[in-house]
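Numbering (the working numbering), first residue to last: 6 to 166. We put the beta carbon where it would ideally sit given N, CA and C, even for glycine. I have placed the structure first, in the form of structure tokens, so that the comments after it can refer back to it.
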Amino acid sequence: MYVPYNTLPDTARVWIYQSNRKFNEQEKEKISEMTTDFVEQWTRHGENVRGSFTMLYDQFLIIAVDQNFVEVSGCSIDASVKLVQQIQVQFQVDMLNKLAIAYKEGDEIKITPMANFTQLAKAGTVKSDTVVFNNMVNSKKGVATLWEVPAAESWHARFFN
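What follows is the structure, given as structure tokens:
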């Protein structure tokens, strides 16, 4: 069952998928339609899941579920990953690369392989105060407070030691 993202509790579980590029308006509309359709029929062992999604910076798809309503696991999580795989194919993007790091350079979001981020940190191109996106957060509250932070306040800090 789809509900607006802002109505989910702070404890809602989230999965963050970053695209290797921004989506245009047409793509965002289609992705919103696909994701709404998915969430509307999302179930766990026949029980409706209370879920939602949001898209941030035209590049990050965040799928969320109220685990107080129905706890998701296994097959229901796999179903959401299949949706993301469909989006990847349809729009020719990479959204499942967990070794790609997103960070801000001015107002622009850059995506780079982890190995390259390490080199950028050593060279001083990215610094401990560079804003990074911590896609490992797993709650709605985490998205609001821990997702977009200076590298020193995230797991990214290890690149500056």
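{"query": "If we count the other Cβ atoms within 10 Å of its Cβ and call it buried at 16 or more, is Val-94 buried or exposed?", "result": "exposed"}
{"query": "If you draw a straight line from the alpha carbon of Asp-99 to that of Glu-30, how long is it in whole angstroms?", "result": "18 Å"}
{"query": "Classify Glu-153 as buried or exposed, calling it buried when 16 or more other Cβ atoms lie within 10 Å of its own Cβ.", "result": "buried"}
{"query": "Considering only C-alpha positions, which residue in the set Phe-28, Arg-49, Tyr-7 and Val-77 is nearest to Ser-57?", "result": "Tyr-7"}
{"query": "Rank Phe-65, Phe-74 and Ala-69 by C-alpha distance to the C-alpha of Asn-1 and give the top, closest one.", "result": "Beyond the ends of the chain as shown, which are 6 and 166, falls residue 1; an answer cannot be given."}
{"query": "Rounding to the nearest angstrom, what Cα-Cα distance links Val-136 and Ala-128 in this structure?", "result": "17 Å"}
{"query": "For His-50, is the classification buried or exposed, using 16 other Cβ atoms within 10 angstroms of its Cβ as the cut-off for buried?", "result": "exposed"}
{"query": "With a cut-off of 8 Å on the beta carbons, I'd call Thr-117 and Phe-164 a contact; round off their distance for me.", "result": "In fact, because the Cβ distance is near 11 Å, the residues do not count as touching under 8 Å."}
{"query": "When DSSP labels each residue in this structure, what does Met-119 get in the three-state scheme?", "result": "helix"}
{"query": "Cα separation between Asn-139 and Glu-52?", "result": "31 Å"}
{"query": "May I ask which residues mark the beginning and end of the beta strand (DSSP E) holding Thr-150?", "result": "Where Thr-150 is concerned, there is no enclosing beta strand (DSSP E), although the alpha helix (DSSP H) it sits in stretches over 145-150."}
{"query": "Tell me whether Thr-130 is buried or exposed, calling it buried when 16 or more other Cβ atoms sit within 10 Å of its Cβ.", "result": "exposed"}
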